[in-house]
Structures are given as structure tokens and as C-alpha cells.
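I have placed the structure first, in the form of C-alpha cells, so that the comments after it can refer back to it.
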Ligand code: ADP
């Protein structure tokens, strides 16, 4: 469970998050919607202590993130908007192994995690390939594998479809759907709900740093007008 309790945060005294309270239970697929600049990325960066609240608390599995940064970073896998900026190694296997290596795990355990994480994103056996020679969709899946290799209880993704073509989006989406079905909590920030609404258990929408909608998808879409969020034209895609 990721829990925000009355979180406020500002950059240089300019308020960005205003009194945000929000819970993401294990195994839920939550879409975080909102216009560019509404505060989504800033909120996500609080999930593992990349930012810390000015007021309020963020808890991961009941522990204040500030009290156990390593615990939070092991429990919450983050995938950033431009995966290219996230890679630390030249090859797929070395990059996915980086997180578990930093946890100080045994080599066998690291190899097991890398193998499982790559299998989970349909990249099994591609350890030795160079990341810069992969397609955008494959790079996104390597970034997701890197997060999965930490065996997190939650996966947090910031606009993971930016710059991906349709087949790549489909491929990433189907992996996310399978992961959520297997019990990983998914929190995905986007200003475009068209791809993800059908998978969501809940839609949380932000405007001006506040949570303004927190509803199941069917009722949330009725409340998104004026928030600069793209919704599917065909509402039958919402389950
Ligand atoms: P979103 O992810 O919804 O597009 P962000 O969280 O990136 O929104 O941004 C929310 C607000 O915070 C914006 O007004 C943005 O300009 C501001 N902001 C984001 N990052 C920084 C930063 N590093 N320094 C100053 N202001 C920032």
C-alpha cells in the first residue's frame, strides 16, 4: 500500500502539491490523470523519496518513506518518462541487474531476477543486446524490467507511452495488464486515458496540485471535462 497523507510540496516556495491524500492498495491498477503541469510527476517522485513532502507524510507498506528509503525503493519500482535517461549500462542484462546488484544480492539471485524480469516483458534471452540498438518499445520494456528486477510490490510509471508507436504501446500495455493480474500494484500517470482506461480499477485526476477526482473509471470519465485529459471516444472500451 502506498499512502499519501495530507501531502503538500513546493519548488522554491511555489506550491505544486496541495494537501494530497491518496491510497494505492496492493494489486490495484490506478491511473493518475491530469493536464501537463498538474503535479503528476511531482506526486510520483514522492513514492520513493526522490522528493520529500514539505507537509504531510508518504507511507509505503505502513513505513514513512523518509525513515526507510531503501525499503521504499525496493517496494516501489519507478519507470520514468524517458527510459533512455534511466539506463545505466550498455547492455540489457547489465542494466536490469543494476538495481539488484545495489541491493547487495548474491549472483545467483541477481541472475534469477534478471531472467524473470526479462521474461515478464517478453525479452527473455536478450541480455547481451545493446540497449541503444533496441526499438523505443523494447527500451520501454527494458526500463520496466529494470524496475521489476527489484521485485517491487508497486510499479509506478510516468507517461510510459510518450514517443511509442502503436505496436509498442500495445506491447507495453499487455505486459502491464499481466503484471497487475499477477498482483503488482500499478500507478500510471498520463494525460491521455485512451489506452489505459480499460485496464484501470480507479482513476485519480489532479488539477493544480490537488486530487479532484478519485473514482472507478465509469464514473471518473464523466468528471474529467475541463481537465485537459484525453478520454476514449468510445466509452464501451471501459470495462
Ligand atoms: P505533470 O507531471 O502533471 O506534468 P509536474 O509535476 O511535472 O506536472 O509539474 C507540476 C508543476 O511543478 C509545474 O508547474 C512545473 O513547472 C513545476 N515543476 C516541476 N518540476 C520542477 C522543478 N524541478 N523546479 C521548479 N518547478 C518545477
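In full-length UniProt numbering, the protein residues as written are 1 to 239. Note that the Cβ used here is the ideal one computed from N, Cα and C, for glycine as well. Computed from a predicted model, the values in this text were never measured in an experiment.
Backbone CA spacing between residue 23 and residue 1 [nearest angstrom]:
7 angstroms
Skipping 5 residues on each side, what residues in its chain have a beta carbon closer than 6 angstroms to that of residue 57?
Taken in chain order, the residues that qualify are 5, 64.
Quick one: what's residue 3 bridged to in DSSP?
23, 59
Give the C-beta separation of residue 180 and residue 83 to the nearest angstrom, bearing in mind that I take them to be a contact with Cβ-Cβ under 8 angstroms.
Contact flag wrong, Cβ pair sits at about 20 angstroms.
Span separating the alpha-carbon of residue 49 from that of residue 165:
32 angstroms
Considering only DSSP beta bridges, list what residue 206 is partnered with.
211
Identified DSSP bridge partners for residue 150:
BP columns for residue 150 are empty, so no partner.
Do the segment 143–159 and the segment 183–196 make contact, defined as three or more Cβ pairs closer than 8 angstroms?
Touching, yes, given that three or more Cβ pairs across the two stretches are closer than 8 angstroms.
May I ask whether a heavy atom of the ligand ADP can be found less than 8 angstroms away from the beta carbon of residue 12?
yes
Taking residue 140 as the reference, give the member of 115, 173, 125, 128 with the closest Cα.
173
What distance in whole Å lies between the Cβ atoms of residue 90 and residue 114, which are believed to be in contact at a cut-off of 8 angstroms?
Contact flag wrong, Cβ pair sits at about 15 angstroms.
In the structure shown, what three-state DSSP assignment does residue 41 receive?
helix
Just to confirm before moving on: does the CB-CB distance between residue 44 and residue 59 stay below 9 angstroms?
no
Hey, is the segment 98–105 in contact with the segment 119–133, meaning 3+ C-beta pairs nearer than 8 angstroms?
no
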